[in-house]
Structures are given as C-alpha cells and as structure tokens.
Amino acid sequence: METVKNLSSNINPLTQMAEAASDLVEPKPQGIFAQFRNNKIVSGSKDFLESNSLVAKVVFILLVLILFIYLLRIMIIILHTLFGPVKNPILIDGIINGKKSVVISQDPKLAGSKPILRSDNQYGGIEFTYSTWLMIEDDNFHSFRPGQKKHIFHKGSEGINSTDDSARGMAYPNNSPGVYLHESKNELIIVMNTFENIKEEVVVPDIPIHKWINLIIRLENRNLDVYINGTIVARHELTSVPKQNYGNIYVNQGGGFSGLISALRYYNRAITTTEIQDIIASGPNMSSNQTLSIFPPYLSMRWFLGNN
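Its first residue numbered 639, the sequence shown is counted upward by one per residue in the working numbering.
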C-alpha cells in the first residue's frame with residue numbers, strides 16, 4: 639500500500655507539470671476578441687464560440703472601413719471648399735467704366751480666371767441667376783456708337799456682330815445670357831440661347847438713366863425672369879430647353895456703353911426673393927473709386943412709383 643501511495647504522490651506533480659507545459663505551448667487567447675470564444679463569458683460549443691470570434695473580427699473591420707470612408711469624404715469636401723471653384727463667384731467686384739473691356743476667363747489653368755459652375759440642375763430643370771448694378775449715363779443714345787446695340791455683358795462667343803443690322807453690336811451666336819442696351823433708346827435687351835432658337839429676346843423698356851439700378855436675370859427651367867430693383871418686370875417662357883456654353887464672360891465689348899457697371903455676380907441656382915431683397919439692400923459696390931460717392935442715390939424710385 640505504501641508503494642502505491644508513493645507512486646500516486648509522484649504522478650500528481652508530473653500531471654501538474656504537464657498541464658503547465660501545455661499552457662506554455664498553447665497560450666490562452668488574449669484580448670477583446672478572445673472573450674467571444676471564452677466559455678466562461680459566452681456559453682456554447684467550441685465551434686460556436688470560434689465562429690463568434692470570427693464574426694466580431696469581420697464586424698470590426700467593416701466598422702473601420704466605414705469610418706475611413708466617412709472621414710475621407712469629409713476631407714474631400716473640405717479640400718473642394720478650400721481649393722475648388724466657387725459656386726457663386728463675384729465676377730466684377732467694385733465699379734468699372736462701361737467702356738472698359740473685360741474678359742473673365744473660364745479656363746481654370748489661367749491666372750485670374752473665375753470659372754463658374756454650370757447650372758445646379760434641380761428637380762424642375764436648369765437654374766442660374768446673374769445679378770449686377772448698372773448706371774446708364776447717356777441721354778442721347780445716338781451719340782455713342784450710333785446704329786449699334788451697346789454691349790453690357792454676355793457669356794459665350796468672342797466676336798461682336800458688325801454686319802447684321804438686326805444684331806449689330808451683339809455677340810453671335812452664343813449668348814447664355816447676353817445683356818445689351820438698345821441702339822436708340824433706353825431699353826435693355828436680354829438674349830438667351832435655346833436648343834430650338836439661337837436667339838430669344840426679352841425687352842425691358844424705359845430703363846432709368848443717371849441712377850443706379852439693379853438687374854437680376856433669373857432662370858428656372860424654361861422661365862426667364864428679369865428683375866429691376868427687386869421688382870419682376872418681365873417673365874418669358876423659352877421655346878425649348880436653355881442652351882448653356884463653356885465660353886468666357888465678356889463685359890463691355892465693342893466699345894461697351896456709356897455708364898458704369900458694378901458687382902456682377904453669378905449664382906448656379908435660382909435665388910430666392912429674400913436673397914433678391916438682400917442684394918437690393920446692399921446696393922452697388924462703390925469701393926473701386928472713392929470719388930464716385932458724389933453720384934446721385936443708387937436706387938431709382940421710379941420703378942416703384944410707376945413713373946418711368
């Protein structure tokens with residue numbers, strides 16, 4: 639009996655040593671994923687616990703990928719905001735003389751260019767807005783460039799027509815839009831290209847002279863609205879879809895007009911009436927020349943009183 643007891647006492651330490659060696663050879667899993675296959679924390683068979691650990695790893699990797707994509711999109715938005723084209727650029731900041739020719743390049747590779755984004759095509763179709771301030775100084779429209787329309791600005795073709803009597807002084811063929819003064823009276827002519835008609839015109843008569851007026855051209859789908867000093871004075875339904883172009887913006891070409899232009903701005907959407915009123919309240923940008931402060935008040939009240 640004593641011999642058996644001695645053998646038993648010798649076996650127990652050997653068993654303990656074997657278990658310790660087994661722990662060294664096969665270390666117990668550590669970390670958060672090990673908890674998914676620890677039967678003390680999660681109950682189930684060994685295969686089930688191993689599958690739980692695999693699922694946890696896959697879910698973790700997916701969460702990391704989703705977070706990475708989300709942060710990447712945020713960085714792209716920030717970089718586009720800092721270095722991308724402006725949605726609503728100010729094309730002319732301050733006042734320039736109506737006879738001073740200006741070309742605003744749309745080539746982003748050129749220094750000083752101001753590329754404009756094409757229309758923000760909403761559910762209702764193409765949308766954009768142009769806003770500018772004008773002071774027309776010529777009482778006698780025949781005295782300056784007689785027989786020709788006076789160019790204010792347009793987006794499109796480079797050349798000015800000098801042969802066709804009905805369109806002398808106008809850019810041809812691309813106007814998207816184009817703004818001109820009538821050759822012999824104080825009328826504004828707004829020209830817009832469509833896919834079916836190369837030249838659709840909206841005429842705004844009796845434009846005040848020697849006063850600052852705000853002109854807003856607002857396109858929404860096929861409706862072309864013209865505002866003077868915040869009041870809609872013309873609405874024209876285009877015959878077909880408006881035709882945009884990638885041409886430069888030309889200001890005061892072919893001699894321009896007798897007067898001043900200020901704060902020409904583009905919006906790639908149809909602005910709201912509240913935004914229009916904010917533009918009127920801000921007035922023209924007089925910053926380019928302090929001596930221009932001697933000019934009369936910038937807003938012509940005749941448009942509100944009906945005495946044109």
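Note that CB positions come from ideal geometry on N, CA and C, so glycine has one too.
Per DSSP, what kind of secondary structure is residue i in: helix, strand or coil?
i	result
Asp817	The sequence shown places Val at residue 817, rather than the Asp named in the question. Correct three-state label for Val817: strand.
Met713	helix
Asp745	coil
Leu876	coil
Ile827	strand
Gln703	Here the sequence assigns Leu to residue 703, which means Gln is not the residue at that position. DSSP places Leu703 in helix when its eight states are reduced to three.
Met924	coil
Leu720	helix
Lys837	coil
Ile899	strand
Tyr905	strand
Lys788	strand
Lys725	coil
Leu853	strand
Asp863	strand
Lys695	helix
Pro858	The identity of residue 858 in the sequence shown is Glu, whereas the question assumes Pro. In the structure shown, Glu858 sits in a strand (DSSP, three-state: E or B).
On the premise that residue j lies in contact with residue i, defined as a C-beta separation below 8 angstroms, what is that separation, rounded to the nearest angstrom?
i	j	result
Gly807	His789	6 angstroms
Val864	Val889	Not really, about 19 angstroms apart at Cβ, beyond 8 angstroms.
Leu819	Lys793	Their Cβ separation, rounded to whole angstroms, is 17 angstroms, which puts Leu819 and Lys793 out of contact at 8 angstroms.
Asn735	Asn906	28 angstroms between Cβ atoms; not a contact.
Determine, using beta carbons only, whether residue i and residue j come nearer to each other than 9 angstroms.
i	j	result
Asn861	His874	yes
Ile902	Ile707	One point to set straight first is that residue 902 is Leu, not Ile, in the sequence displayed. For Leu902 and Ile707, no; Cβs fall outside 9 angstroms.
Gly892	Ile798	yes
Asp855	Ile887	Sequence inspection shows Ile at residue 855; the Asp mentioned does not correspond to that position. Not a contact, by the Cβ cut-off of 9 angstroms.
Thr767	Tyr904	yes
Ile733	Ser878	no
Do you know offhand how far residue i's Cα is from residue j's?
i	j	result
Gly750	Phe698	48 angstroms
Pro746	Ala694	49 angstroms
Trp771	Val702	53 angstroms
Val740	Thr869	28 angstroms
Leu857	Ile866	15 angstroms
Glu796	Gln744	13 angstroms
Pro880	Pro753	20 angstroms
Asp776	Ser814	26 angstroms
Ile845	Leu853	10 angstroms
Glu765	Ile715	23 angstroms
Val840	Ala872	7 angstroms
Ala919	Ser757	26 angstroms
Glu834	Val724	31 angstroms
Arg711	Glu838	42 angstroms
Asn831	Thr912	28 angstroms
Thr910	Ser900	21 angstroms
Arg783	Asn859	35 angstroms
Arg915	Leu700	Checking the sequence, you will find Gln at residue 915 rather than Arg. Answer to the nearest angstrom: the Cα atoms are 49 angstroms apart.
Ile774	Leu755	30 angstroms
Leu717	Ala908	26 angstroms
Trp850	Pro922	8 angstroms
Ile728	Leu748	17 angstroms
Gly816	Leu709	43 angstroms
Compare the C-beta of residue i against all C-beta atoms of chain C and say whether one is closer than 9 angstroms.
i	result
Thr770	In the structure shown, chain C does not exist; there is a single protein chain.
Using 8 angstroms as the Cβ pair cut-off and three pairs as the minimum, do the stretch 895 to 903 and the stretch 820 to 829 touch? no
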